[in-house]
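Colleague:
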């Protein structure tokens with residue numbers, strides 16, 4: 011079971027997160043969109059991604075801007091394993107996917123799907139024609155795109171998406187140590203993602219990973235996946 015942990019901001023917490031069991035890590039490289047306190051300078055991204063790749067952990071660059079040229083520039087600069095398009099003002103299409111794979115060889119594409127009704131199933135099926143991953147999530151905000159709401163959604167829809175597409179589906183949206191096992195049993199996804207419930211959030215907007223919660227989340231996800239034979 012893939013355990014994907016967002017949104018890292020410094021090297022030490024990234025190492026601790028990987029030690030705790032994460033096998034995908036995600037962050038927001040410096041860009042024109044997103045919460046300023048969550049953007050990570052390129053030199054710090056380099057250190058984090060270099061260590062992750064040394065360990066065999068996949069690196070995800072989260073895109074919260076709406077400029078495809080900027081996304082391609084960032085992908086070439088930080089060389090993630092996966093580029094995650096998380097906004098709604100720009101969503102990936104087939105031409106962007108072709109451009110990413112041509113100009114950034116080896117970088118895979120993940121598109122977020124806002125699960126706010128059954129129409130998300132058809133949307134996911136369209137993205138699956140040209141994306142490498144689907145991430146289902148809850149909530150939409152101008153500064154965080156699809157997700158980062160800390161809210162769950164209807165996992166029945168996620169289960170239908172998993173059945174309907176032939177690419178990996180990662181479930182996000184209000185997942186933590188308390189409910190990740192139930193989600194896995196119900197949805198049977200490729201992976202599960204956590205941000206809000208495995209983080210401290212301070213009054214100035216800065217977030218920091220709660221490493222014991224990350225460890226518990228990963229252990230519970232592995233336990234459920236083993237029980238389900240996933």
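Residue numbers (our numbering): 11 to 240.
Yeah, the Cβ is synthetic: ideal placement off N, Cα and C, and Gly gets one too.
None of the values given here were measured: they were computed from a predicted structure.
Does the count of Cβ pairs from the region 102-115 and the region 46-58 closer than 8 Å reach three?
Modeller: Counting Cβ pairs under 8 Å, fewer than three are found: no touch.
Colleague: Using the C-alpha atoms, what's the distance from residue 233 back to residue 73?
Modeller: For this step, residue 73 is matched to residue 63 along the chain shown. For this step, residue 233 is matched to residue 223 along the chain shown. Near 31 Å, if we compare the C-alpha coordinates of residue 233 and residue 73.
Colleague: Taking the beta carbon of residue 42 as the centre, do at least 16 other beta carbons fall within 10 Å, making it buried, or is it exposed?
Modeller: Residue 42 sits at position 32 when you count from the first residue of the chain shown. With fewer than 16 other Cβ atoms within 10 Å, it is exposed.
Colleague: Determine whether the beta carbon atoms of residue 202 and residue 26 lie at a separation below 9 Å.
Modeller: What you label residue 202 is simply residue 192 of the chain shown in a count that begins at 1. What you label residue 26 is simply residue 16 of the chain shown in a count that begins at 1. Against a cut-off of 9 Å, the Cβ pair of residue 26 and residue 202 comes out as no contact.
Colleague: Can you tell me where the alpha helix (DSSP H) holding residue 196 begins and where it ends?
Modeller: For the purposes of this step, residue 196 is identified with residue 186 of the chain shown, where counting begins at 1. Where residue 196 is concerned, the enclosing alpha helix (DSSP H) stretches over 190-197.
Colleague: Leaving out five residues on either side along the sequence, give the residues of the same chain with a beta carbon under 6 Å from the beta carbon of residue 58.
Modeller: For the purposes of this step, residue 58 is identified with residue 48 of the chain shown, where counting begins at 1. Hits under 6 Å: 21 and 24.
Colleague: Beta-carbon separation of residue 194 and residue 119 under 9 Å?
Modeller: One-based indexing of the chain shown puts residue 194 at position 184. One-based indexing of the chain shown puts residue 119 at position 109. No, these two residues do not count as a Cβ contact at 9 Å.
Colleague: Between 44, 156, 47 and 94, which lies nearest to residue 130 when the distance is taken from Cα to Cα?
Modeller: The sequence position of residue 130 within the chain shown is 120, counting from 1. For residue 130, the nearest C-alpha among the options comes from 156.
Colleague: Measure how close the beta-carbons of residue 183 and residue 147 come, nearest whole angstrom, since I'm counting them as under 8 Å.
Modeller: For the purposes of this step, residue 183 is identified with residue 173 of the chain shown, where counting begins at 1. For the purposes of this step, residue 147 is identified with residue 137 of the chain shown, where counting begins at 1. Between residue 147 and residue 183 the Cβ distance is about 5 Å, and since that is below 8 Å, they are a contact.
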